[in-house]
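J.: Protein chains in written order, with our numbering: chain A, 1 to 120; chain B, 1001 to 1113. What follows is a structure written as structure tokens; I'll ask about it next.
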Amino acid sequence: AQKVTQAQTEISVVEKEDVTLDCVYETRDTTYYLFWYKQPPSGELVFLIRRNSFDEQNEISGRYSWNFQKSTSSFNFTITASQVVDSAVYFCALSERVRRSGGSNYKLTFGKGTLLTVNP
Amino acid sequence: EAQVTQNPRYLITVTGKKLTVTCSQNMNHEYMSWYRQDPGLGLRQIYYSMNVEVTDKGDVPEGYKVSRKEKRNFPLILESPSPNQTSLYFCASSIRRVGEKLFFGSGTQLSVL
């Protein structure tokens, strides 16, 4: 079973539309962290946000907002008034401690990504 | 400037010819990791290292080797590359704590013919 599920493979919107990218995660830990990364066409991975499992407050940063709901294991990302520059692949990721013999692995597991295309 | 440096940016090679992708970070991070990115599969962890001389397998380690002789360097070695290792590779580092964000290199696009 996938630990991080981004059910939307591709989304296409017209500029100025609002768009929400879904992310559902699975973990048994009580302490974990959730991330969103952006990968523009240039290919680099850009950190957007980190959220810990104890803080369910929604967060807003300019046109970006994040809705974290532990009850549904979701961490959705909304872009308000989308712009062409928002076109990118967006990855949701889960960070947790994975216990192994000889120590722990601090592992970041990514979803498969959502390709967002914002058309002018 | 804090950064993770990967080289080369692009690499085309042939099946069976050993190659190394270098990765270096200047942030004194203990944790380093390699990921590969394939269409429709997201990023998958290949190997990681918790500290010098401490490495372990990730989700897709077959066909790869790593070493961590110095804190700043974490090279990825393909002893006998095959076409199914054609992919975009990312090196990343972080402070050794769960929940710390990863700093990524710019990526290496590898094509194995």
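Yeah, the Cβ is synthetic: ideal placement off N, Cα and C, and Gly gets one too.
Can you tell me where the beta strand (DSSP E) holding residue 1092/B begins and where it ends?
T.: That run of the beta strand (DSSP E) goes 1087 to 1094.
J.: Can you check whether the C-beta of residue 33/A is within less than 7 Å of a C-beta belonging to chain B?
T.: Yes, residue 33/A lies at the interface with chain B (some Cβ there is under 7 Å from its Cβ).
J.: Three-state secondary structure (DSSP) at residue 1056/B?
T.: It is a strand residue.
J.: Counting only Cβ pairs nearer than 7 Å, list the residues of chain B close to residue 112/A.
T.: The contacting residues are 1040, 1041 and 1042.
J.: Using a beta-carbon distance below 7 Å, is residue 121/A in contact with chain B?
T.: Summary: the structure shown does not reach residue 121/A, with chain A confined to residues 1 through 120, and so no result is reported for it.
J.: Give the DSSP-derived three-state secondary structure of residue 20/A in the structure shown.
T.: Residue state, collapsed to three classes: strand.
J.: Does chain A have any CB closer than 7 Å to the CB of residue 1102/B?
T.: Yes - at least one Cβ of chain A is within 7 Å of the one on residue 1102/B.
J.: Got a sec? Which residues, its chain only, sit under 8 Å from residue 51/A by beta carbon, not counting five neighbours each side?
T.: 33, 34, 35, 59, 66, 68 and 75, listed in sequence order.
J.: In three-state DSSP terms, what is residue 52/A?
T.: Reduced to three states, the DSSP call for residue 52/A is strand.
J.: Helix, strand or coil: how does DSSP classify residue 70/A here?
T.: Residue 70/A: helix per DSSP, three-state reduction.
J.: Compare the C-alpha of residue 109/A against each of 1018/B, 1041/B and 1024/B and name the closest.
T.: Per the Cα distances, 1041/B.
J.: Is the distance from the Cβ of residue 1108/B to the Cβ of residue 1075/B below 7 Å?
T.: No; because the gap between Cβ atoms is not below 7 Å, this pair is not in contact.
J.: Quick one: grab the DSSP three-state call for residue 1014/B.
T.: In this structure, residue 1014/B counts as coil in the three-state DSSP scheme.
J.: Is DSSP giving residue 1084/B helix, strand or coil here?
T.: If DSSP states are grouped into helix, strand and coil, residue 1084/B belongs with the helices.
J.: Below 9 Å on C-beta distance, what does residue 1096/B contact in chain A?
T.: The contacting residues are 106.
J.: Does residue 1111/B have its Cβ less than 7 Å from a Cβ in chain A?
T.: No, residue 1111/B does not count as interfacial toward chain A.
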